[in-house]
Structures are given as C-alpha cells and as structure tokens.
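There are 2 protein chains.
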Amino acid sequence: MTEESADRADALFHALADRTRRDILRRVLAGEHSVSALAAKYDMSFAAVQKHVAVLEKAGLLTKRRSGREQLASGDVEAVRSVASMLTELEQVWRGRIARIDVLIASDPDQEE
Amino acid sequence: MTEESADRADALFHALADRTRRDILRRVLAGEHSVSALAAKYDMSFAAVQKHVAVLEKAGLLTKRRSGREQLASGDVEAVRSVASMLTELEQVWRGRIARIDVLIASDPDQEE
DNA sequence: ACAACGTACAACCAGTCGGTTGTATATTTG
DNA sequence: CAAATATACAACCGACTGGTTGTACGTTGT
C-alpha cells in the first residue's frame, strides 16, 4: 500500500515536472482535446506530444475517450486534488513543528517576551 | 517572468518527484536536521543524500544554516504552499470548464430531462 | 477501393538522473 | 598539532528522459 502510493506520487510529480505536460494538462482540464489538436499547439513532433499525453495518462491526470478516429483527452481534476492533498499533508507536518515550539515556549517561563 | 516561473515550477515538481526527497522534506519540515543526521536514516551513501538535499535546496524547498561544522536543514513551508497554489490554479481552470458547460445547458432548453 | 487522417509504438540519440567512490576543506576535540 | 567529524564536489556508470524519424493500423471521405 505505502509502496504503491509512493509509486503513484512519483508518477504524479514526475508528470507535472515538465512545462509542456503542465500546459497540456491545463488545456485538457479546460475541455476535451484530441491528441492531434494538442500536437498542433507545440513546436515539436506529433510523436513527442503523444508521449507527453501518455505520461499524463499513466499518472492518472488525464483520461482518453475514443470518438471515431480521434482520441479525446480530458483532465482529471480528482488527480490534481490528490496531489494538492499530499502537499497540505506536508504542510500539516510543518504545523506540528510550530505547535511543538509553542509548547516549549509556554512551558519554559524564562523565554524572551 | 513567465520563463523563469516555469523554470521554478520545473525545479519544484522535479524535486518532489523522488520519494527519498519527499521523505527528507517531511523530516526537515518537522524540524531542523543536519545533513549527516538525515544521511543516517537512509540506506545509501552520504554523498547521495547530500545531493538530494542540494536538489531540494536549489528548488527552494529547504534552507541550510551553519552551526559549527554541521549544516542544519530546515523545510520552507512557503515553497510547499506555492506548489499547492499552482495546483489550485489548475483546479480553477477546470471550474471554468464546468461553468461553461452549465451556461450551455442553461441557454439550450431542448436538452435531456 | 483508395487516399488522407489520427493514433500508437519501436528504434535511436544526446542529455540528465540517481547512485557510487574518492578527494578536498573546515571544524571540533584530545 | 593530529585525529576525527561534517560537508562539498568531481568523476564515473547504468538507467531513464525528451526528443527525433519511421512504420503500422484503424477510421473517414471520395
């Protein structure tokens, strides 16, 4: 469980660690786009864009739906939220540190002000 | 501006895309740790851990403070929040899509139902 | 039927990543 | 001063990344 959730986190952050993929994700969160429609937006080969889409799909950030000969990609906002929740969890760890410091200060009267 | 903020986003997500680095970040968000204290926690060389710390530092997720011969690393919660805000911004893009769909349905009376 | 379109995937390449070992430089301690 | 400790960094290595081109296959439109 912990092992595969780490795998998933690795895949999610890795997928987001490329500006082209973040831009693709932005577009498909705004609405469905075919792979070739996406490819037309970037100064690189169709195959390169198709691989970026595949990375986003494997990470679960995007799903595809067949429509005739086109593959329509759509962003998955739940996956985006799951990444955000990992970060707020980290933030909670930090809050714990602050709480501990506060306790220390409160229990130790000869502290500054 | 846009170019360097993309660089920063690349660095942040890349730094987070490794489970060892996420674990280090968790520890240094909870409290200060020297590099060697961190290295002792992992089954890899000191140099490997030192490089992970350097990646987190370059991304701005962690800062170091000298204390004698030790370097004490501390997590920067503001950097974590900045990543979270990038994700909520993506979520806003998605909300825009939903809002547009709602408008379409409202303005088109001959819809299902 | 056939030409054009949309997609997927394999093979390849230069560059980067995550790890190693080894060496150099401060700092503390005896 | 000398020994031990804490850190930084260079060089190296196998694996992976992000890009390319080429090929194959299903779907559309004439």
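Those protein sequences? They're chains A and B, same order as listed.
So the first sequence is residues 1 to 113, counted in UniProt numbering.
So the second sequence is residues 1 to 113, counted in UniProt numbering.
Heads up, the beta-carbon is just placed ideally off N, CA and C, and yes, glycines get one too.
* Run down chain B in chain order and give the residues with a C-beta less than 7 Å from the C-beta of residue 147 of chain A. => One cannot answer for residue 147 of chain A here, as it falls past the ends of chain A, which runs 1 to 113.
* Cα-Cα separation, residue 37 of chain B to residue 11 of chain A -> Pairing residue 37 of chain B with residue 11 of chain A, the inter-Cα distance amounts to about 28 Å.
* **chain A contact for residue 30 of chain B (CB, 8 Å cutoff)** => Output row for residue 30 of chain B: interface = yes.
* Return the chain-ordered list of same chain residues with a C-beta closer than 6 Å to the C-beta of residue 83 of chain B, the five sequence neighbours on each side being excluded. => Beyond the five residues adjoining it in sequence on each side, residue 83 of chain B comes within less than 6 Å, by CB distance, of 12 in the same chain, given in chain order.
* Asked: Closest Cβ-Cβ distance between residue 65 of chain A and chain B: below 8 Å?
  -> Chain B, which has no Cβ nearer than 8 Å to the Cβ of residue 65 of chain A, makes this no.
* Whole-number beta carbon distance between residue 35 of chain B and residue 53 of chain B, since they are thought to touch under 8 Å -> Contact between residue 53 of chain B and residue 35 of chain B holds: their C-beta atoms lie close to 6 Å from each other, under 8 Å.
* residue 4 of chain A, DSSP secondary structure in three states -> Residue state, collapsed to three classes: helix.
* From which residue to which residue does the beta strand (DSSP E) around residue 75 of chain A run? -> Looking at the DSSP string, the run of the beta strand (DSSP E) that includes residue 75 of chain A is 70–75.
* For residue 72 of chain B, which residues in chain A fall below 7 Å Cβ to Cβ? -> Within 7 Å Cβ-Cβ: nothing; residue 72 of chain B doesn't reach chain A, min ~13 Å.
* Taking Cβ positions, are residue 31 of chain A and residue 95 of chain B nearer each other than 8 Å? -> No, the Cβ-Cβ distance between residue 31 of chain A and residue 95 of chain B is not below 8 Å.
* Would you kindly work out how many angstroms separate the C-alpha atoms of residue 33 of chain B and residue 62 of chain B, rounded to a whole number? => If you take the alpha carbons of residue 33 of chain B and residue 62 of chain B, they lie about 11 Å apart.
* **Through-space distance from residue 8 of chain A to residue 42 of chain B, alpha-carbon basis** => Rounded to whole angstroms, the separation of the alpha carbons of residue 8 of chain A and residue 42 of chain B is 21 Å.
* To do: Could you tell me the boundaries of the beta strand (DSSP E) in which residue 67 of chain B lies?
  => Its beta strand (DSSP E) spans residues 62–67.
* Asked: Considering only C-alpha positions, which residue in the set B/60, B/55, B/3, B/46 is nearest to residue 21 of chain B?
  -> Answer by Cα proximity: B/55.
* To do: Taking C-beta pairs closer than 7 Å, name the residues in chain A that residue 14 of chain B reaches, listed in chain order.
  => 17, listed in chain order.
* For residue 45 of chain B, does the three-state DSSP call read helix, strand or coil? -> Look at residue 45 of chain B here: in three-state DSSP terms it is coil, with no helix or strand label.
* Please go through the same chain and pick out, in chain order, the residues whose beta-carbon is closer than 8 Å to the beta-carbon of residue 46 of chain B, but skip the five residues on each side of it. => If the five residues before and after residue 46 of chain B are omitted, its C-beta is found closer than 8 Å to the C-beta atoms of 35, 36, 39, all from its own chain and listed in chain order.
* Report yes or no: is there a C-beta of chain A within less than 8 Å of the C-beta of residue 8 of chain B? => Chain A contact via Cβ: absent.
* To do: Taking 8 Å as the cut-off, decide whether the C-beta atoms of residue 75 of chain B and residue 25 of chain B are in contact.
  => Between residue 75 of chain B and residue 25 of chain B, the gap from beta carbon to beta carbon is short of 8 Å.
* Tell me residue 33 of chain B's beta-bridge partners as DSSP assigns them. => Residue pairing of residue 33 of chain B in beta bridges, as defined by DSSP: B/73.
* Asked: Along chain A, which residues have their Cβ under 7 Å away from the Cβ of residue 75 of chain B?
  -> Per Cβ cutoff of 7 Å: 94.
* **Under 8 Å from the C-beta of residue 83 of chain A: neighbouring residues of chain B** => Close to residue 83 of chain A, with beta-carbon spacing below 8 Å, are these residues of chain B in chain order: 87.
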